[in-house]
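Engineer: One structure coming up, written as structure tokens, with questions to follow.
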Amino acid sequence: MLYVALAAFLLLMGTAGYIVYLNSRLIGEKKYRSEPVQAASYTVYMTRSFTGEDARNLAPVAVMEYREGGASMQVCLCRIHSGEPELKLSEAADVFKRHLEASLKNGSFLSFRTEPGSMRDEEEQRVTERLSAASRGKEMHG
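Residue numbers (our numbering): 332 to 473.
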């Protein structure tokens, strides 16, 4: 009886080991075949109103509004869904920040907001925190 139990235990352990081996092999092959994640491309988009049509190709991460003449304008730091690569996040953030600083300087600044549902990683979070601080007149580096 003991030999039967020992044989059944060894058979179960061998089967479990073989299944683990096959599973790890499948995971390894999947990682090998998967395409590398491409770096996101960004742009600074200026508009009177961000529309659904705009949202097809752009995901706003941060939005600033300022007065131009009698109307308000939006400056949107956006991740590009598809199309030609434009700017790295740091480059687009620098362009956005120049618009922000200019509107603060000339008194046309109205508001700044982030789009938390659109943020996809910590780098975007850090950039929007720096831009938010700049919109309040505080400098953050990092």
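Ideal Cβ placement from N, Cα and C applies to all residues, glycine included.
Which residue comes first and which comes last in the alpha helix (DSSP H) that contains residue 459?
Structural biologist: From DSSP, the alpha helix (DSSP H) with residue 459 extends over 453-466.
Engineer: Which residue or residues does DSSP assign as beta-bridge partners of residue 399?
Structural biologist: In the DSSP output, where bridge partners are listed per residue, residue 399 has 402.
Engineer: Taking only the alpha-carbon atoms, compute the straight-line gap between residue 432 and residue 403 and give it to the nearest angstrom.
Structural biologist: Taking the straight line from one Cα to the other gives about 16 Å.
Engineer: Tell me, to the nearest whole angstrom, how far the beta carbon of residue 375 is from that of residue 427; I am working on the premise that it is less than 8 Å.
Structural biologist: Between residue 427 and residue 375 the Cβ distance is about 5 Å, and since that is below 8 Å, they are a contact.
Engineer: Might you give, ordered along the chain, the residues of its own chain that have their beta carbon closer than 7 Å to the beta carbon of residue 411, omitting 5 neighbours on each side?
Structural biologist: Excluding sequence neighbours, residue 411 sits near 372, 373, 374, 388, 389, 417.
Engineer: With C-beta atoms as the reference, is residue 441 less than 8 Å away from residue 423?
Structural biologist: No, Cβ-Cβ distance for residue 441 and residue 423 is not below 8 Å.
Engineer: Can you give the beta carbon distance from residue 392 to residue 346, rounded, assuming they're within the 8 Å contact cut?
Structural biologist: So it is not a contact: roughly 50 Å between Cβ atoms.
Engineer: Under 8 Å, do residue 395 and residue 466 count as touching if we go by C-beta distance?
Structural biologist: Taking 8 Å as the Cβ cut-off, residue 395 and residue 466 qualify as a contacting pair.
Engineer: If you draw a straight line from the alpha carbon of residue 336 to that of residue 344, how long is it in whole angstroms?
Structural biologist: Residue 336 and residue 344: Cα-Cα distance of roughly 12 Å.
Engineer: Among 458, 406, 340, which one has its Cα closest to the Cα of residue 381?
Structural biologist: That would be 406, whose Cα lies nearest to the Cα of residue 381.
Engineer: Quick one: what's residue 391 bridged to in DSSP?
Structural biologist: DSSP, once it has assigned bridges, lists 409 as partnering residue 391.
Engineer: Let me check one thing: in DSSP terms, what residues is residue 444 bridge-paired to?
Structural biologist: Looking at the DSSP assignment, residue 444 forms a beta bridge with 394.
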